């Protein structure tokens, strides 16, 4: 066995989740290795849905344009029954989730093979290669390190010592099993056929199409390529029946029966398969220094295209916290919030996909009646369409109530629309010093905490407020937080700050008077205060940073400008 090699993080599994984690750790300067037992990257499309939330993460990573060029942007979902269209679910209900001229999140269809290839390409540009044909065997851990044994394709083994081990291996995660983490859930009692084919038909290429049939649902999703489609078909088989050889002839027959289209013919299949759907998740995302992300921690129905998006959410949440701990800015306790935050979010995703599968992939008469007589008519409502698409987009996911989400707002009128734990919409600012336009997402692309301050122009205690607003940005900067004063669009004075030229920040966020938004690197609000409470701010910072660093930063500024200045 080769001598032990040391690294900060060992990532096991190079699917979308593992590659996202690796790319972000590289940007943060964390040393890591990423291994995968497969000798080559995936060549099949597998998961294809990238929800709106992923587009925001890819924007911060600087990669969204690459994905947009290789994907298909969806515009709606059409439902058919008995040869007629019965409903169109419009995806443009999500317009207005950002300020004017800012980044507007988008949903994309991108084959998983392409997603992985783009992330591998981006990692290569940063000097990182996935170690292929390397299989994880076992690990041991103590209070400081994890020692993993891995086996190379030639049979040679080595020990890898890391501060942390992250499993992104998928649902059959060996790391999860060895860590003693449960994976409870169920497998649905029906099977499904999947086919990636070419179709030359007249239906819209921008929409997903779903045919409701008494023998089972048939759906078609546009794929990149002029005529390529993903067909997803409920088999209609009894659970006791054995496996079926999925052939092009079978797909053609089911298409004829379920859609009523006797003219269009499927051709040139690149992937034909049968599979079962499971709904399972862990009861915690870590054990000591071992963490799980993506399908290693949760699997669910593919309805709604939530899989890759949820895994990317895991990776981005974990990455910034690992980065802070490994550079010595925070203690290990920050990593406890990974399970605290992701567990309820993932539980919500599984609940939604399970309910959606139970209704739209209904295999009982009662559920089909519920779908046809109640759910589908309700979805004709503009309000219900907006609610459903927002949920599926994952833009409504939040960490409200978690220990890192602290909302402090006084006064009878609670005006803040974006609260602690919420996603932050993008808005355009103008730099007061340079006159150049920038945006909140451009700041988030630097993978740092961001503090946005606001002052109360009508305050009667202007000297105290002025001293506070002068002091706190510098205090935050000492801790590595990028801090700016948000100025109204009418501001003419020179100096540092971000001018809300269009008024979108105040419109979307609702903050007025004196306020503080502390925004995390993953685009969620950690702390909101209005008015600013320095002692509470210091206590909150101690959740993110080492206590000695926080005390030092606040003490240094208090020495320069007394807290009670002007009183």
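In the UniProt record's numbering, the protein residues as written are 1 to 567.
C-beta: ideal position from N, C-alpha, C; glycine also.
Remember, predicted model here, so these are calculated numbers, not experimental data.
Between residue i and the rest of its own chain, which residues show a CB-CB distance below 6 Å, the 5 nearest in sequence each way excluded?
i: residue 526; result: 404, 518 and 520
i: residue 398; result: 421 and 422
i: residue 236; result: 215 and 216
i: residue 461; result: Bear in mind that a pLDDT of 46 at residue 461, under 50, signals an unreliable position, so the number given afterwards is only what the model happens to contain. No residues qualify anywhere along the chain.
i: residue 86; result: 79
i: residue 220; result: 209, 229 and 231
i: residue 145; result: 161
i: residue 33; result: 7 and 10
With residue i as the anchor, note down where its beta strand (DSSP E) starts and where it stops.
i: residue 186; result: 184 to 198
i: residue 420; result: Where residue 420 is concerned, there is no enclosing beta strand (DSSP E), given that its DSSP letter is neither H nor E.
i: residue 281; result: 267 to 281
i: residue 78; result: 76 to 81
i: residue 536; result: Element bounds for residue 536: not the beta strand (DSSP E) but the alpha helix (DSSP H), 534 to 544.
i: residue 257; result: That residue, residue 257, is in no beta strand (DSSP E); its alpha helix (DSSP H) goes 248 to 259.
i: residue 69; result: Segment 64 to 70 is the alpha helix (DSSP H) holding residue 69; no beta strand (DSSP E) there.
i: residue 232; result: 228 to 234
i: residue 89; result: 84 to 90
i: residue 431; result: 428 to 431
i: residue 211; result: 207 to 212
i: residue 453; result: 450 to 454
i: residue 220; result: 218 to 222
Between the options, which lies nearest to residue i when the distance is taken from Cα to Cα?
i: residue 344; options: 254, 402, 323 and 154; result: 402
i: residue 505; options: 83, 523, 490 and 486; result: 486
i: residue 375; options: 68, 184, 7 and 79; result: 79
i: residue 169; options: 161, 87, 10 and 221; result: 10
i: residue 155; options: 165, 137, 143 and 162; result: 137
i: residue 578; options: 334, 491 and 262; result: Past the edges of the chain, shown from 1 to 567, lies residue 578, and the structure says nothing about it.
i: residue 340; options: 208, 282 and 361; result: 282
i: residue 406; options: 320, 536, 435 and 323; result: 536
i: residue 482; options: 29, 311 and 452; result: 452
i: residue 83; options: 548, 54 and 259; result: 259
i: residue 298; options: 309, 279 and 312; result: 279
i: residue 6; options: 435, 22 and 147; result: 147
i: residue 381; options: 368, 89 and 342; result: 89
i: residue 81; options: 41, 360, 158 and 479; result: 360
i: residue 241; options: 190, 286, 378 and 551; result: 190
i: residue 470; options: 501, 549, 554 and 188; result: 554
i: residue 497; options: 429, 347 and 550; result: 429
Cutting at 7 Å between CB atoms, please list the residues of its own chain near residue i, excluding the five before and the five after it.
i: residue 199; result: 227, 229, 264 and 266
i: residue 256; result: 262
i: residue 562; result: Bear in mind that the predicted position of residue 562 carries a pLDDT of just 49, short of 50, making it too unreliable to give a figure here.
i: residue 568; result: Nothing in the structure corresponds to residue 568, since the chain is present only between 1 and 567.
Tell me the DSSP bridge mates of residue i?
i: residue 383; result: Answer is none; residue 383 lacks a bridge partner.
i: residue 287; result: 290
i: residue 45; result: BP columns for residue 45 are empty, so no partner.
i: residue 27; result: For residue 27, which the question treats as bridged, DSSP gives no partner whatsoever.
i: residue 5; result: 160
i: residue 16; result: In the DSSP output, where bridge partners are listed per residue, residue 16 has none listed.
i: residue 409; result: 530
i: residue 73; result: 108
i: residue 636; result: Summary: the structure shown does not reach residue 636, with the chain confined to residues 1 through 567, and so no result is reported for it.
i: residue 437; result: 430
i: residue 103; result: Paired residue(s): none; residue 103 is not in a bridge.
i: residue 135; result: 151
i: residue 518; result: 451 and 527
Residues in its own chain within less than 8 Å of residue i by CB, not counting five upstream and five downstream?
i: residue 332; result: 325
i: residue 410; result: 530 and 531
i: residue 417; result: 508, 509 and 510
i: residue 251; result: 193, 195, 197, 231, 233, 266, 269 and 272
i: residue 320; result: 24, 28, 447, 520, 521 and 522
i: residue 372; result: 81 and 212
What residue range is occupied by the uninterrupted alpha helix (DSSP H) comprising residue i?
i: residue 144; result: That residue, residue 144, is in no alpha helix (DSSP H); it is neither H nor E in DSSP.
i: residue 174; result: 174 to 178
i: residue 510; result: Premise fails: residue 510 is in no alpha helix (DSSP H) and is neither H nor E.
i: residue 40; result: No alpha helix (DSSP H) holds residue 40; DSSP gives it neither H nor E.
i: residue 112; result: 112 to 125
i: residue 54; result: 52 to 61
i: residue 443; result: 440 to 444
Would the beta-carbon of residue i be found less than 7 Å away from any heavy atom of the ligand SAM?
i: residue 392; result: The model on display carries no ligand, and the ligand SAM is accordingly not part of it.
Which runs of the beta strand (DSSP E) fall wholly inside the segment 294 to 380 and span at least 3 residues, in chain order?
-> Within the segment 294 to 380, no complete beta strand (DSSP E) run reaches 3 residues.
Runs of beta strand (DSSP E) wholly within the segment 473 to 501 (minimum 3 residues, chain order) = You should have 482 to 488 and 498 to 500.
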